Each structure stands twice: as structure tokens, then as C-alpha cells.
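Residue numbers (our numbering), protein chains in the order written: chain A, 473 to 964; chain B, 1270 to 1584; chain C, 12 to 296.
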């Protein structure tokens, strides 16, 4: 009997100490990645699992959006800004045991820029003219001209380093150099990673990481509350965020994403091609109502297409204040005093649906009848993005530093402005940081003046985690849940 | 019997062939493209085209139809566009969740419906009968997704008894798996149990009027004894028919329930595949579901023909 | 005149309440459902908002009234579509079979089985993926799956009639099969069809709610009960009435229709009440 009592006590003590030294994290994800190869296709969900954890690039983007050394310990840039020499660490191995060398860098970049490559951001590699291996741990990359954004770009998930031996199976069994190794993927349920004991850098503190796929926002809430998961880095329901905030067992952090949420406008369609009409719409939009109504107060207003936490951001939210009298005036100036009817095609995310419903209501106040059409992503991409068969839509542009999309006359905004295109091409050429900064500000003002789109708010990143979880990213400059520095307080 | 069988089998094959054509055409006219979906907002046309070629989307429709149907006969359903693994592998993984869930739900609904039906029938016209059938009426009227939300609210958050969602996988502890399937199974089972208990009740009532029950009672068995020894088995026949139909209905109808409970089942797979335009997965699953229904109907027909020879002539 | 059973009376009263609410909503609702009041959101049921307000501060009672109207409209038309196509098909099959055209009957019924074999919610989702979401497409999606039900009921009820003498004598008179079906068969099976329509109507209400729940039915800003439920999901922890009320409305409406259907069946066709085939068809639908 005493023996039984002893063993059970020991068992419970064992359990207690196991919880005290928790080093497996369970992370909730709303969207399941279609596959795990970040160099093909563009699903953000892929990067949310693999970026920084399984795969690494030459440089790494951190949670503030800054460029840090990655697989390149350091680099030299030539004075003309055209060539980069990257110095690689010694003894780095891929998860399958093969060595990482300059050959792998060359292979990865050449593969991404080859004809027939399905890399979604092939443009990153377009300026590369030469890739020279100086020695197995030194590689020189030469560009056609100075490109100040090149370093940031090769820090993106699309430019991670893959090995020739394993590249074909990365979609289902990713092999990288990162601090975590892929273990298994129970499709529809979870993806499991474990610590890479041979990691070349500082060892991660967690021994395992499990990404649980929880599509339903109700389940997201209950899974967190029931303790089935430790964190939801991008919690899908801002409306009940306050419940976690009130609960001392959880911490909530509302950070920023690179997602400018806009009322995208087809500038080629009448009457939206009329500047006065677009100005009328801009004055009819009540950002406070949108942020309170659709995002429950958890978003930052924007007045142009630029992340408000960027040092070059210009606050233009006051340019077209909510003013129905002015809005009507502009409509009269456009010769449409009684308003008109437009389509408002909305993609599936909740923020878009809610914001769209409010916008339709707000436009109704000045006589513009916006007919809502809820679309699936596939339909939205087909109709809005590819065929520009729309008038208005609400969507978040989550790519970092993507104001250059306004320079593409074929993009779905249909904005073709020579002056703006000149600004962007000047930015591409500029090597002087101060000049670049001024140009970015000019670009922001230009699209705001032209009210190409309605600029609504910056999408927040709603991080929820159990108290004691440390080191999770607060912001989403890029979509990544880099877990290398994550640990549970009080366990080691 | 032989001719009847052959006729039925032929019509089965034709039905399935027609079904594949209908499904394929529907899938063909669905607008949207899996490659474009994967490229999202930032993909260039060039990269999208490259991806299309990689996925084998550039074949002629009729080529794809024939390679699909001939592949299916040999068990090769093709490769999923998004997951890039064989569709058959995906379907098997998901079936291992959906089929147990459905079976679990059917067992639950039978366990509820049979006693309720029997009690209600044997107390016909009394208060208990009216009350039970009233509850059954309400049960039929409850949409299962709404019921699921109420269950989650009650059990997972307020009482904390069941996990809120997800599935540990069959290599985990059996009890854990059962626990994960319990709330979803209850949500699916309740409306079905309500329908089933109504059927059970009227079936028992009918059996009670049959001659052999009267004979049994004349021999001195009590009403209950007669029913339990002789009647119940016969009363179960219409119930089994409905169970057969419910099985296929639940297998496909679990879409919403599987999403609410984050279960990696067939329904959620097909729902997600439609959204991502992973159409090769959609067409195979729909075909399999149609196949399941047609097979069940076929078997039920055979059983009836076996029981009642007149039906063989009537068709 | 027979006494109406209690279930019919209860069902009738419930159904009338909802039909009345739907009709009233055409002319009047307590509040304008397009009027937003963000500061007044999430009000629990109170004197000025009997059912409370939702996340945009809209009056839930007004939304439920219009949502009910939309559900009734979609279901009504969908069942209508099922009857308009299904009943003639069933009558045709029965006439063909009785006239020796077994092949036509066989083909029609196999076609029926085929539609029946398709998973309905999934096909509805596919249909809206092709044509886009909206009330009309929800009607089509639900209506298609009502066709085989009515075809089966009409055929099953018409077949025995074709053996009756007065039908046979009509045949001898040289009336065409179509005319006989219209003039002699239809009046005799009408009761049965009405009972089935009531049941299908309640099934359609749940189907419409499911479709709207997944976002494919009636589109905003038009309220719909299913979409209200899906929007309420994540707010259920602090604004439970948003989920209880629309859900309760669906349940009561379906319950009312089912009770009415049962009662009607008892009154219109007492024989049928004892036949288990009708229950079997219930269960399959």
C-alpha cells in the first residue's frame, strides 16, 4: 500500500515537473498551408509555419521589419551598390545531413529566376546579372544597378535557401537549415516540428512546436480557453479579444501587420474614373465607424498606402475627413447629384465582409448604391484581380512595402499615372537613404491626392498567448511565426 | 433473380458513369483556377502559368476526364493541386475520421431512437408518448450547426469537459480520439435520432398488429415479452433502411459540423478544396459519395427483393 | 367535418405567426435594418429593442422579421420549383409505366435516384461556386433536390390510380395520358402533395439556413437567419441572444410546419398515417 502511495505520488510529482518545464508550444493557425514550399506559390500560411523555423534566407527579417544576418554572417556591398559579397558560416547542415555551401545559394537563386519558375516573387531575382562563387563559403551577387531594397527582398520567404537534393519534396517534407525540423503533417489538423539539435546558431529553447489548424473562429476561442493551444499569433475574432484581455491567464498584444486595408477602386470604370467621384467617396468614408464597427477598435487608421509604423509614413488621414456635405458637393461637381449604382465585391475574410457592409451603408448616405457581392477567394481573384471586372472591393494588401503596385498600369486598380511611375522608378534607382525617404513620402501623397483607392485602416495582428509565453512576434512585418526565441517563463 | 440482379447491376454502372460526367462538367464550369488561387495578390501571370503547367492543368478537358475515370478504376485518383500528394492518400486519411464519426453518430442515434420509439409505441396515446414525440418534433427542427454551437458553449467552455475541437489522430490514445469525436457525434446524432424514433414508433405500432404477435400474446406472453422476443427484429427493418440512407447523408453532411469542431474529415476537405479550387479532390470525393449512396440503395433494393419476391417482378 | 388534431392547431398558430411577421416586415419593421448605430451595439433585449441589437447596433427584431421573410420566400419558391418540375415527371412516369412504357419510367426513376444520390449541401456549394452566391441560386440549389422527392411521391400515388376503373374508362374514351393525369389523377393526389409540400417547406427552411450559415444564401445588407447565426458565433460568450434568438426562430418555424404537416396528414389522408412508407420518405429527406 505504501509502495502504491509512493509511486502514485512520484507519478504526480513527475507530471507537475513536466508542466513546470513545458517546452512544447502549440500554436493556432487559421489557414492551413496548401504545401510547405515557400518558394512556389504565395500562400501566407506557408511562411507562417516554415519561415525562420525550417527555412532560412541569406538575411532574416525580424519582428520589427529590420534586416538581420541569416545564413550570411555578414556582407560587403560595393560602393556602386551593385555587388554584394555574402560570407557564409562554416559547418551548416541541412536537416537531411547534406552540407550547406555557396552552391546551395546559387542553386536556390538560379532556380527561382529560371524560365518556368513558379516563384511568386520572381521580380526579386530579376536584377541579378551574375552569381559568382568565390569559395565554398563566399558568394558574390551582382545586380544590373543599385537596388536598395534587394537585401530586404532576399529576406522574404520566397528567397529562402533550399538544397538541390531535397527541393522536389519540400512541398510535403520540407528540408531546410533552420532551428526546427519538420516532423510530420497530419493534414487538416496539425504540423509538427522539433528542435534541430545540430542547428548552427544558438539552439532554440523549445523542443517541439505544433501548429494546430483551427479554421473556425469559434473553435479558435474555445481552443485557447480550454488550453488546447498556447497561443494564437493572429487571432481571427477581434470582437471577443477583450475577453482574453480581462482574463489574467492570457496576454493580448495588438500589433501591426503590413496589411493596408483599402477600398480598392477600379479607376478605369465610369464614374469612378472621375476624380470628383473618388473624392466624394473619400469624404463619405467614416474611418472611426469602420474601425469601431468592423474591427472593434483594434486597428489604426491610414490615409495612404503605407504602413503607419514605417519611419517614412505620412499621416494623411486628415486629407479627406468624414464630411457628407463636402461629399455631396463633389458628387454635384461630377454631375451625379443623385448618386449612382456600383458593385462592391468582397473576398471571404471577416474584416472584408464587415467593413464592406459598413462601407455600403456609408456610401448609401450620399446616394451611392453599392451592391454587395460576397465572393470566394478563387472568384475574387478571377473577377477582380485578373479581369478587373469590378467597381469597388475591400481587401488588405499584406505585402510589405508594396506601394510600387500603383506604378503598374495593368494592376487591378487601373491607375495609370506617369508622374507616379516616375517616382517609383526614381526610388528604384536611388541609393541615397534621405532621397529615397523623400520620394516615398511624395509617392504616398500622390496616391492620396488622386484618391486612387479609399484608404481605411492598417490590419492589426491580434496576438493572444497564455501568460508566461515569451518571445512571440508582436508585429507581422512579414507573415512569420519565427519561434527561435520563444520560451515558457519559469521553465528552462 | 439472376436477371433481376443483372438488370440492377447494369443500371448501377450506367448511373455511376452518368454521375461522373455530370460531376466533371460541373467541375469544368466552376470559374477560378487553383494556380491563381495559390499565387494570391502578388503572383505574376508568368509565375501562374508556370504553376499551371506544373500542375498539369493545361491538358484538354476530355483528356483529363478519361485519365481521371480510368485512373479511378485502378484506384489512382490523381495528385491534389494544393497539397501535392495523391488524392487517394488524402481521402483515406479523412475517411478514417469521417467514417468513425458517422458510425459513432449513428450508434448514438440508434441508442436513443430505439428505446424512445419502443416506449412511445407501447404507451401510445398516453402522456409519455405525446411528450416524447413532441421532443422528437423539436429535435427534427433543430439545425445541427446551431445545436453544435450550443454544445460547444455548454461543454467546452462552461463545463470544460470536452476538448473544443481538433483530432489527435488514431495513433494517439483511443479514448482521446473518442473524446474528440463525442461532441460532433452528438450534434450529428440528435436530429437523426429524432427522425429515427418517429420511424421506430410507427414501425413498432405496425408490428404490434401483425398476426404473429397476436399469436404470441395468445400463448400467454405479455405485450412487452411478445414485442421483445418477436416484434423488435421485424420492427427494425425500416429503421435499418433509414440508417443506411442516413449514413451517406451524414458522411457528406458533416461539412459544417467538421468545421465547427476543426475535425480533419471528408466534409471539411471537400469544402476547403472547393474554395481553393483543388477540383481534382472535389470531383473524386463527390463521386465516392455518390457511389456510396448508389451502392447502399442497391443493397437495400436487393434486400427488399430477397424479402419480398413480388418486388422482383415490379422493379 | 372532421375535428382538427391538436398538433395541426399548434403548428398552424406557430406558422401563422411567422407568416404574419414576414408579411408585416414588407411594410413595417420596428427599426430600419440599414440604420447603423455602432455606439449602441450589443444591447441585450430591452424595452426599446425587444430582441436586443447586433454588432452594428441594428435592431435584432427587425432583422429577424426580414430574415424570416427571406427564409420563407426562398423556401416557398424552392418547393414550388420542386413541385412544378417533380410532379409532372412523376405523373409522366406513372402514366408511361401504366401504358407499357416501362423504359421511360425506368429512366425517369433512375434519373431521380441519381439526383438523390448527390450530396445536397455539397452540390449547393458547388452550384453557388459556379453562379455566385445569392437568394436566386439558393433557390435553384434547394429546388433541384426537391424535384426527385415530388416526382417519387406523385408517381407512387398515381400508379395505383391507373388501375382504377374510372381511369380505365377514361382511357377507353380516348383521352390522352396527359389529360387523364391532369383531370383525374391530379385532384386525387393533391392532398398528398400538400402534405409533402409542408414537410419539404420545413426541410427547405433548414437548408436555406445552412446555406446562409456558410455564406451562400441571401446576401447582405439583406438579413438572413443563417448568416445572423454564423456572425453571432464568436459573440456568443458575451452577447448570447444573438445566437439564441435567430436559432430559436428557425426551430419554432420548422417545428410549426412539421406539426402542421403531421396534422394535415391525419386529416387529409388517414390511411397514410399508418403507412410506413411515408415515414421512410420523411427520413430520407
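No residue lacks a Cβ here, since even glycine has one placed at the ideal position from N, Cα and C.
Being a predicted model, the structure only gives us computed values, none of them experimental.
- By DSSP's assignment, residue 726 of chain A forms a beta bridge with A:934.
- By the neighbour-count criterion, in which a residue is buried when 16 or more other Cβ atoms sit within 10 angstroms of its Cβ, residue 1502 of chain B is exposed.
- For residue 1470 of chain B, the enclosing alpha helix (DSSP H) has its first and last residue at 1443-1477.
- For residue 601 of chain A, same chain residues with a beta-carbon under 7 Å away, outside a window of 5 residues either side, are 614, 615 and 616 in chain order.
- Taking CB atoms only, residue 598 of chain A has no neighbour in chain B less than 7 Å away.
- The shortest C-alpha to C-alpha distance from residue 99 of chain C to any of C:86, C:119 and C:146 is the one to C:119.
- Per DSSP, residue 602 of chain A is not a residue of any alpha helix (DSSP H); the beta strand (DSSP E) it occupies stretches across 600-607.
- Interface annotation for the stretch 1337-1360 of chain B against chain A: 1351, 1352, 1353, 1354 and 1359, criterion Cβ-Cβ distance under 7 Å.
- A residue is called buried once 16 or more other Cβ atoms fall within 10 Å of its Cβ, and residue 1305 of chain B is buried on that count.
- Counting only runs of 4 or more residues that sit fully inside the stretch 756-807 of chain A, the alpha helix (DSSP H) segments are 759-766 and 796-805, in chain order.
- Close to residue 1528 of chain B, with beta-carbon spacing below 7 Å, are these residues of chain A in chain order: 687 and 688.
- Secondary structure at residue 646 of chain A: coil, using DSSP grouped into helix, strand and coil.
- Within 8 Å of the CB of residue 851 of chain A, the CB atoms of chain B belong to 1300 and 1301, in sequence order along the chain.
- If you check the CB distance, residue 1373 of chain B and residue 1450 of chain B come in under 7 Å.
- Using a Cβ distance threshold of 7 Å, residue 1445 of chain B and residue 1437 of chain B count as a contacting pair.
- Interface annotation, residue 1494 of chain B: not in contact with chain C, CB-CB separation never under 7 Å.
- Ranking A:765, A:531, A:497 and A:713 by CA distance to the CA of residue 521 of chain A puts A:497 first.
- Exposed is the label assigned to residue 38 of chain C, since fewer than 16 other Cβ atoms lie within 10 Å of its Cβ.
- Check the Cα spacing between residue 221 of chain C and each of C:135, C:159, C:103 and C:165: the tightest is with C:135.
- Shown here, residue 70 of chain C sits in a strand according to DSSP, grouped into three states.
- The beta carbon of residue 1284 of chain B sits closer than 7 Å to the beta carbons of 1563 from its chain, once the five residues preceding and following it are set aside; these are given in chain order.
- Interface annotation, residue 506 of chain A: in contact with chain B, CB-CB separation under 7 Å.
- Taking all protein chains in view, the Cβ of residue 1575 of chain B is surrounded by fewer than 16 other Cβ atoms within 10 Å, so the residue is classified as exposed.
- With 16 or more other Cβ atoms from the protein chains shown falling within 10 Å of its own Cβ, residue 729 of chain A counts as buried.
- Beta-bridge annotation (DSSP): residue 897 of chain A is not paired with any residue.
- For residue 567 of chain A, the CB contacts under 6 Å within the same chain, skipping 5 residues up- and downstream, are 647 and 653 in chain order.
- The beta carbon of residue 1307 of chain B falls within 7 Å of a beta carbon belonging to chain A, placing the residue at that interface.
- Residue 1382 of chain B places its beta carbon less than 7 Å from that of residue 1469 of chain B.
- The residues 1457, 1516, 1519, 1520 and 1523, in chain order, have a CB closer than 8 Å to that of residue 1371 of chain B in the same chain once the five nearest residues on each side in sequence are set aside.
- Residues 584, 591, 630, 632 and 634 of the same chain have their beta carbon placed closer than 7 Å to that of residue 511 of chain A, with the five preceding and five following residues left out of the count.
- With respect to the 7 Å criterion, residue 748 of chain A and residue 806 of chain A are classified as neighbours on the basis of their beta carbons.
- Given a length threshold of 4 residues, each whole run of the alpha helix (DSSP H) inside the stretch 181-258 of chain C is given here in chain order: 188-191, 197-224 and 236-243.
- For residue 1273 of chain B, the uninterrupted alpha helix (DSSP H) segment begins and ends at 1271-1298.
- Fully enclosed beta strand (DSSP E) runs of no fewer than 3 residues occupy 652-658, 662-667 and 680-685 of the stretch 617-698 of chain A, in order along the chain.
- Rounded to the nearest angstrom, the gap between the Cα atoms of residue 868 of chain A and residue 827 of chain A is 11 Å.
- Chain A has no Cβ within less than 7 Å of the Cβ of residue 129 of chain C.
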